[in-house]
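Heads up: the structure comes next, in structure tokens.
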Amino acid sequence: MKLVMAKRYNLQLKSLDLSKFNEDPDFATMFCGLFHSPILKEAIEIISQNIPDLEILLLNDNKISRIDNVTMVSKLPNLKSVNMANNRIQNVATLSLVFKDCPLLELNLKGNPFVEKLRSRYRNEIAKKFPTVKVLDGEPLVSTENNITTLPPAKASFFCQIEGTDIVRQFLEQYFLILDSANRAPLADAYHEDALLSTEENSWTEKGLC
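Structure representation (structure tokens):
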């Protein structure tokens with residue numbers, strides 16, 4: 017395993033390509049699938065012991081379904097980019113636990129089952145669980161939940177001039193008194209003859225949500 021990993025390491029880029037690991041020609045007579053937890057754990061241990069300054073790790077296309085028991089990843093303090101595309105990860109929470117101590121800037125997770133499950137919430141979930149990540153699946157990662165418009169401060173009233181307070185209150189009292197009565201006809205006098213009213217309704221609902 018060490019020999020195959022050594023030939024796949026790029027010293028200049030500090031990158032290790034373990035994609036389709038079991039399909040390497042050097043494993044023609046043996047099994048070394050990273051989807052088998054003990055083998056994946058051994059591979060990560062070799063990395064932490066021999067190339068702790070690794071910055072880029074490619075684990076895509078390995079049929080990996082479990083990664084929560086790979087604790088040695090925490091010993092890779094310089095890991096900035098991880099490619100886990102086209103595996104079988106079911107839960108994004110396991111990934112966040114494994115890579116929580118790594119200063120990740122880039123992630124590739126497309127092709128995993130949890131991506132389809134999360135649907136439109138996918139990018140926001142990744143942004144929350146990996147706050148340092150700037151690029152997801154090759155595209156800039158921006159959480160829409162962070163783009164919250166700041167509301168104006170609350171006030172007891174918004175009267176421009178205090179002198180108009182009594183007039184406005186008197187109007188509102190009379191308006192709602194008539195509105196709640198059996199005869200609303202007198203309210204016609206409260207509107208300008210060219211007054212308009214517009215309404216808007218969003219009838220779109222996301223599939224799967226009530």
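Okay, so the sequence shown: first residue is 17 according to the working numbering, each after it adds one. Glycine is no exception: its CB is placed at the ideal position from the N, C-alpha and C atoms.
Fill in: Stretch pair the segment 81-90 + the segment 60-67: three plus CB contacts closer than 8 Å
yes
Fill in: Same chain, Cβ closer than 7 Å to proline 202, five either side skipped, listed in chain order
Ile194
Discussion item. DSSP three-state label for tyrosine 191, please.
Written reply: helix
Worksheet item: Near alanine 206, what residues of its chain come up, given a Cβ to Cβ distance below 7 Å and the 5 sequence neighbours on each side ignored?
Response: Tyr191
Fill in: Extent of the continuous beta strand (DSSP E) to which serine 53 belongs
No beta strand (DSSP E) contains serine 53, which is instead part of the alpha helix (DSSP H) from 53-66.
Fill in: Delimiting residues of the alpha helix (DSSP H) encompassing leucine 113
108-114
Worksheet item: Using CA coordinates, which residue listed in Leu157, Asp40, Ala170 and Glu71 is at the minimum distance from arginine 137?
Response: Leu157
Discussion item. For the beta strand (DSSP E) containing leucine 32, name the first residue and the last one.
Written reply: 31-33
Practice prompt. Kindly give me the distance between the Cβ atoms of phenylalanine 146 and serine 112, rounded to whole angstroms, as I take these residues to be in contact under 8 Å.
Written response: 6 Å
Fill in: Straight-line Cα distance separating leucine 120 from glutamate 39
27 Å
Fill in: Presumed contact (8 Å Cβ cut-off) between valine 20 and phenylalanine 43, rounded CB distance
7 Å
Practice prompt. For the alpha helix (DSSP H) holding asparagine 140, just list the boundary residues, first then last.
Written response: 138-145
Practice prompt. Specify the secondary structure class of valine 86 as computed by DSSP and reduced to three states.
Written response: coil
Fill in: Counted within 10 angstroms of its Cβ, other Cβ atoms place aspartate 77 as buried (16 or more) or exposed
buried
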